[in-house]
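Numbering (this note's numbering), first residue to last: 5 to 220.
Data block below; observations after.
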Ligand code: AP5
Ligand code: ZN
């Protein structure tokens with residue numbers, strides 16, 4: 005399966021992407037995760053990107069498209085993939101169409117996780133992420149068993165530098181201006197499926213699972 009998961013910052017894309025990838029046995033490719041790993045490792049790419057992520061601005065299309073082009077060429081993508089956080093602009097979507105054409109393949113579905121903006125701020129400012137394995141928690145909605153400690157691997161939990169109120173507002177604006185227009189792009193192609201992202205994490209997954217089962 006070739007799947008895109010879309011939705012505003014904090015909609016729960018990463019949370020559901022982990023479940024989808026395991027259910028469909030496909031790699032979960034998140035541009036945000038790739039960029040944060042490059043920043044953590046201090047690579048040349050990482051040094052270039054840090055300012056964009058810290059300010060909640062989009063990384064330039066050329067850089068992002070190249071990162072995805074390389075990733076999709078890896079052998080584990082032959083049987084399918086889940087893209088999370090890409091594409092985020094119309095030029096990125098067009099570049100993806102070109103790559104899929106070269107691979108003689110196409111998308112199966114675009115899942116759009118819908119959540120009202122007042123809920124997103126609370127979700128993002130309460131999010132905590134494991135430094136070691138990347139697992140995501142929330143201080144209220146998905147609290148770890150021990151405060152500040154990852155349930156999965158015992159790693160330390162931290163708050164992302166772009167999860168402050170100031171940067172979250174910027175990310176929501178960038179989403180509305182640059183990414184939301186893409187929904188129409190996929191709607192016109194008959195690929196878009198809406199998911200109510202305001203339900204609980206388990207209920208959202210049930211909705212997604214139903215859609216995925218209807219496609220096989
Ligand atoms: P990225 O990492 O993609 O961030 P994002 O799109 O802003 O999405 P988030 O990871 O913040 O949210 P999510 O929807 O995954 O929510 P989550 O599941 O964690 O991008 C970061 C930056 O990288 C961008 O700002 C940009 O600079 C750059 N970038 C990335 N891709 C790019 C691209 N293509 N082009 C250019 N630049 C790019 O959930 C959030 C919280 O809510 C968690 O705490 C979770 O536990 C909780 N939660 C989840 N679901 C529920 C629920 N149903 N009920 C209650 N709580 C829930
Ligand atoms: Zn962990």
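Every residue gets a Cβ at the ideal spot worked out from N, C-alpha and C, and that includes glycine.
Check                                                                                                                                                      : Outcome
Measure from the alpha carbon of residue 84 to the alpha carbon of each residue in 41, 49, 201, 8, then state which is nearest.                            : 8
Terminal residues of the continuous beta strand (DSSP E) containing residue 10?                                                                            : 6 to 10
Verify the contact flag: residue 99, CB atom, against every heavy atom of the ligand AP5, threshold strictly below 7 Å.                                    : no
Would you check if there are 3 or more beta carbon pairs closer than 8 Å linking the stretch 125 to 134 to the stretch 100 to 117?                         : no
Would you report the Cα separation of residue 58 and residue 216, rounded to the nearest angstrom?                                                         : 34 Å
Is the stretch 178 to 197 touching the stretch 146 to 164, taking contact as three or more C-beta pairs under 8 Å?                                         : no
Report the start-end ranges of each alpha helix (DSSP H) in the stretch 103 to 156 that is 4 residues or longer and not cut off at the edges.              : 121 to 129
Rounded to a whole number of angstroms, what is the C-alpha to C-alpha distance between residue 29 and residue 21?                                         : 11 Å
With the ligand ZN as the reference, list in chain order each residue whose Cβ lies under 6 Å from any of its heavy atoms.                                 : 134, 136, 137, 139, 154, 156, 157, 159
Is there contact here, the stretch 86 to 94 with the stretch 64 to 78, by at least three beta-carbon pairs under 8 Å?                                      : yes
From the DSSP output, read off the bridge partner residues of residue 230.                                                                                 : The shown model of the chain, from 5 to 220, leaves out residue 230, and the question about it has no answer.
Ignoring anything shorter than 4 residues or poking outside the stretch 36 to 69, list the alpha helix (DSSP H) runs there in chain order.                 : 48 to 59
Report the residue from 168, 32, 25, 63 whose alpha carbon sits nearest the alpha carbon of residue 43.                                                    : 63
Can you tell me the Cα-Cα spacing of residue 151 and residue 119, whole angstroms?                                                                         : 27 Å
Look at the Cβ atom of residue 159, then the Cβ atom of residue 142, and state whether they are nearer than 8 Å.                                           : no
Relative to the ligand AP5, is the shortest distance from any of its heavy atoms to the C-beta of residue 32 smaller than 7 Å?                             : no
Applying the 10 Å Cβ sphere with the 16-neighbour rule, what's the burial state of residue 157?                                                            : exposed
So does residue 90 have its beta carbon nearer than 7 Å to some heavy atom of the ligand MN?                                                               : Among the ligands present in this structure, namely the ligand AP5 and the ligand ZN, the ligand MN is not found.
In whole angstroms, what separates the C-alpha of residue 155 from that of residue 146?                                                                    : 11 Å
I believe residue 250 touches residue 100 by the beta-carbon criterion, under 8 Å. Please report the beta-carbon distance rounded to the nearest angstrom. : Since the first and last residues shown for the chain are 5 and 220, residue 250 lies out of range.
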